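Under the working numbering, the sequence shown has 823 at position 241, and the numbering climbs by one with no breaks.
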Amino acid sequence: MSFIIAVDGPSGTGKGTITKLVAEKFDFQYLDTGAMYRCVTLKMINEKVSLENEEKIEEILKNIKIDLNGDKIYLDDTDVSKRIREEDVTNLVSQVSHIPIVRTSMVELQRRISEGKKVILDGRDIGTNVFPNAEVKIYLDASSEERAKRRFKQNKEKGIDIPFEEVKKNIEFRDNNDKNSKVGALKKAEDAIYIDTTNLSIKQVERKVIKIIKKKQKLIKTIDNAYVMTKDTPLKKFTHSFIKGFLGLLYRIVYRPKIVGEENFPKDEGFIICSKHINYLDAAGIILLNKKNIRFIAKADLYRFGILSFLGHLFNIIPVKRGKSDINSIKLCLKALKNKETLGIFPEGTRKGLEKHMKVKNGAVFLAEKAKVKIVPVGIQGSFKPFTRITFNYGKPINVHDFNNGDEDWLDKASEKVMNDIIMLTKEKV
Ligand code: DC
């Protein structure tokens, strides 16, 4: 199973050391993406190719062979592990790495090497560009003074004698280059976890990173468990009816709900209820006020939070992962519909999707067609202000199959029809 850990940050933050340690600990493959850019740079130096010579660079990229094997880096079958760390390469690599064709080629290689594997990559743009959907994203940082001190010490140990001020200037020059590049700029991904390592030892940073990864692994396991349809135990059944009854009573007291059109529910077959999504109280109302057990489909992240995760399990909410087509979720929905269960789906995909001008999602129509079931639209009338009435106005079932004329956009058209019915039912006087 694929699991990507992206570690980004400027040089001298201990990225390489930490990443190697963590790779060993979790038995992940380690990919030093900086070393890849260094290999390209070295080859350009060897072949005396200038930064401007696009044609020659393209030729180099076509024929270059880079092998990364733990600490050992091979360029065209020669061990260059030490050579690529030397001053001439270090001084040029930042500029080489920001040549668009170099970047495109290396990013493609990084994705190819990592495909389907458990990999930890360190670099500058891994979380933002190479793997924007990485399972874990970490951004390591430290003051330039501290990073220069570390590099100066490293150099001393290797017998390299560069004055401290020069080391610092070099680091700041590279930072500037890396952060302001037009392609693959060094930037913290919005969802990356930021760690300032200025006053931390390697061990302390390692511990923090391990904790983050373990937490994410645990969360993924919890979410994956939500995909497994477990048999309802007597205890779960009891807890379910108790909580449904209690919350339902509360809902009735606060919103004095009125329910219209329940007779439109297809009898003795599975179906899908589609509603507008204003806030979580709309799903709650549909679930709590129906005798039938309605299973909503919600973003998998719901299972991240204690109480929501508990309610998700209790009401058999089907998780769906955002941003990718989630086969497991589709399978679960089809299985439930075959079992004559009722699903709840918000075609807007998110709260107030229409108001945010988002395209209506066609997942509900897709499922209805696949499972040969109907869609019941529902309009929700009211403001959800406490002690004002909320009305659930269920409409006539829609047979989406009638819209399937084989045209490419039939799913979109049928989804629009569902959404229009929902809007009409929201405005209808009842
Ligand atoms: O991590 P390092 O110092 O070996 O990286 C060498 C250079 O390569 C550095 O100046 C930034 C660049 N680089 C990059 O632009 N993108 C990456 N993913 C990795 C490194």
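Where is the CB? At the ideal position from N, CA and C, for every residue including glycine. This structure is a prediction, so every number in the text was calculated from the model and none was measured.
Per-residue burial, residue i [other beta carbons within 10 Å of its own, 16 or more giving buried]
i     : result
T973  : buried
F892  : exposed
I889  : exposed
H680  : buried
M688  : buried
V1012 : exposed
L993  : buried
F734  : buried
P901  : buried
Other residues of its chain near residue i: CB distance less than 6 Å, five sequence neighbours each side excluded
i    : result
A996 : V947, V982, F985
G926 : I855, I868, I876, F878
E788 : I600, L603
G591 : K597, Y721, L722, D723
M618 : I648, M688
Presumed contact (8 Å Cβ cut-off) between residue i and residue j, rounded CB distance
i    : j    : result
T780 : E728 : 5 Å
D908 : P959 : That belief does not hold up - the Cβ atoms of D908 and P959 are roughly 24 Å apart, past 8 Å.
R877 : I899 : 7 Å
G616 : G741 : The pair is not a contact, with the Cβ atoms about 22 Å apart (cut-off 8 Å).
Sequence-distant residues of its chain with Cβ nearer than 7 Å to residue i (five each side left out)
i    : result
T599 : I784
F928 : S857, H859
D670 : I627
Beta-carbon proximity list for residue i, same chain, < 8 Å, skipping 5 on both sides
i    : result
K644 : none
K954 : H983
P714 : A771
V940 : Position check: residue 940 holds Met in this sequence, whereas Val was assumed. Within the same chain, M940 has close Cβ partners E930, G931, T932.
Whether residue i touches residue j by CB criterion (7 Å)
i    : j    : result
K602 : V589 : no
A882 : K913 : no
V712 : Q692 : yes
K956 : P848 : yes
I708 : Y612 : no
K769 : T710 : yes
G852 : E951 : no
L884 : H822 : no
Whole-angstrom distance between residue j and residue i, CA atom to CA atom
i    : j    : result
G988 : A918 : 26 Å
Y833 : S965 : 14 Å
E845 : K803 : 40 Å
A771 : Q677 : 22 Å
A808 : K750 : 51 Å
I666 : I627 : 11 Å
I795 : V718 : 7 Å
F610 : V791 : 14 Å
K999 : I805 : 33 Å
Y976 : N758 : 59 Å
S816 : K699 : Per the sequence shown, the amino acid found at residue 816 is Pro instead of Ser. Their Cα atoms are separated by approximately 40 Å.
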